[in-house]
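First comes the structure, then the notes that go with it.
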Amino acid sequence: MYILSSQEIKQLAQALQASHEVYGPQVDPQTQQVFFDQLDDVAALNLEAPIPSMPVKEILFPQMERILKYNYDSETQSVEMSKQYFEKPKVLFGLRPCDLSGILALDRFFLGQEFVDDVYLTHRRQCLLISNTCLNPFPQCFCVCTHSGPDADEGFDLDLTKLKDGYLVKVGSEKGQAIADAQQWKPAAAHHLTEQKAVVDHCIDLFPEMATDNKAWISRVMNRITTGFIKSETWEFIGDQCLECGACSFVCPTCSCFNIEDTQTACGECERLRMRDSCSFEGYARMAGDHNPRQPVEDRRNKRFFCKLSYSQSKKYLRPGCVGCGRCQWVCPGDIGLPNVVQYIRREITGGEN
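In structure tokens form, the structure reads like this:
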């Protein structure tokens with residue numbers, strides 16, 4: 001562990017820009033929205049900014065990405081083909097723990113199973129993850145319910161916590177240690193770790209007061225979803241409010257569904273696009289012959305929340321499918337973000353009591 005000043009943190013970001021694309025939280029001066037985007041100037045890096053409007057997975061798993069170009073010559077019956085995704089060293093600087101947990105979930109989906117996704121691997125291979133402990137919860141947060149905050153305990157290369165006299169920097173990987181050795185940072189003392197623990201405990205204590213938008217205590221609901229003891233009327237009530245827009249999937253740090261589409265360009269070439277998909281869409285599960293086993297919207301809604309909160313998913317990916325960031329609650333026009341769905345199911349369990 002090391003102790004750095006705020007100026008040294010900025011210097012670190014600047015030093016990494018020489019060899020990497022550096023991304024970090026920035027506040028738009030006009031809208032005051034927070035975006036996690038590439039830094040042209042490290043002065044724009046704002047480690048105290050709230051959770052970004054869009055999940056950081058956009059950098060590693062874009063909403064739409066060209067992955068292939070090809071050209072078929074009918075006369076010679078030959079195909080020229082070239083891949084369109086390339087490896088670039090990247091630094092994700094100042095990740096909130098919930099977004100870091102989302103990336104780890106994507107790692108286990110794309111890289112940790114029988115088949116490895118080469119497109120995701122190419123984006124992820126030379127990627128440094130620098131996480132940033134939350135000093136206080138934001139109104140939509142419930143990461144304490146999903147074990148994904150307010151601090152990170154795995155998956156980072158470096159982890160930052162703002163203290164009174166600087167930043168405590170924890171090393172989490174060989175890549176992180178190599179950076180620390182190259183920078184010759186000052187080692188932290190034992191009292192810095194004590195102060196870091198106090199910062200985290202204070203943040204947790206603030207949740208009842210400051211995380212006012214969500215009260216998503218989910219452990220009992222996870223048990224209920226896992227065992228299937230939820231009335232069909234509850235899912236129908238939730239489904240009736242869904243507008244099938246897919247916004248919840250696109251802002252969720254852990255949603256990994258995608259579709260592949262080939263399209264012809266104006267110059268006659270063909271390109272293959274990978275686009276994120278959503279189980280909200282009516283055609284998501286449509287099969288050959290136009291059979292659709294999940295045509296009723298409630299059948300698609302309950303599968304989404306099964307994916308987020310069932311024990312089988314948590315066992316498979318070593319954590320719940322939800323990271324407690326609250327973004328789905330932000331964007332859902334039908335008011336069925338995960339926290340509200342948890343409340344609906346809890347009311348069913350308790351017979352109408354909250």
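First residue of the sequence shown: 1, per UniProt numbering; consecutive thereafter. Where a beta carbon is used, it is the ideal one built from N, C-alpha and C, also for glycine.
- Restricting attention to Gln264, Gln33, Phe237, His147, the CA atom closest to the CA of Trp330 is found in Gln33.
- Taking C-beta atoms as the reference points, Leu39 and Ala13 count as a pair closer than 8 Å.
- Only residues of its own chain outside the window of five on either side were considered, and among them Tyr167 have a CB closer than 6 Å to the CB of Ile9, listed in chain order.
- Rounded to the nearest angstrom, the Cβ distance from Val199 to Leu163 is 7 Å, consistent with a contact under 8 Å.
- Distances from the CA of Cys242 to each of Ile230, Asp299, Leu206, Val56 were compared; the closest alpha carbon is that of Asp299.
- The DSSP assignment places 158-163, 166-171 as complete runs of the beta strand (DSSP E) inside the region 141-177, in order along the chain (cut-off: 3 residues).
- No beta strand (DSSP E) of 3 residues or more sits fully in the region 193-235.
- The straight-line gap separating the alpha-carbon atoms of Val251 and Leu60 is approximately 14 Å.
- Excluding the 5 residues flanking it on each side, Gly94 has same chain C-beta neighbours closer than 6 Å at Gly24, Pro25, Leu47, Asn132, in chain order.
- Counted as a single uninterrupted DSSP element, the alpha helix (DSSP H) harbouring Val341 occupies residues 338-350.
- Within the region 29-63, the alpha helix (DSSP H) runs of at least 4 residues that lie entirely inside it are, in chain order, 57-60.
- The Cβ-Cβ distance between Pro97 and Ser148 falls below 8 Å.
- Looking at the DSSP output, Ile260 bridges to Arg274.
- DSSP places Tyr2 in the strand class (E or B) of the three-state scheme.
- Short of 8 Å from the beta carbon of Tyr120, and not among the five residues preceding or following it, lie these beta carbons of its own chain, in chain order: Leu60, Phe61, Leu106, Phe110, Leu111.
- Out of Gln84, Lys88, Tyr344, Glu21, the CA that lies nearest to the CA of Lys231 is found in Tyr344.
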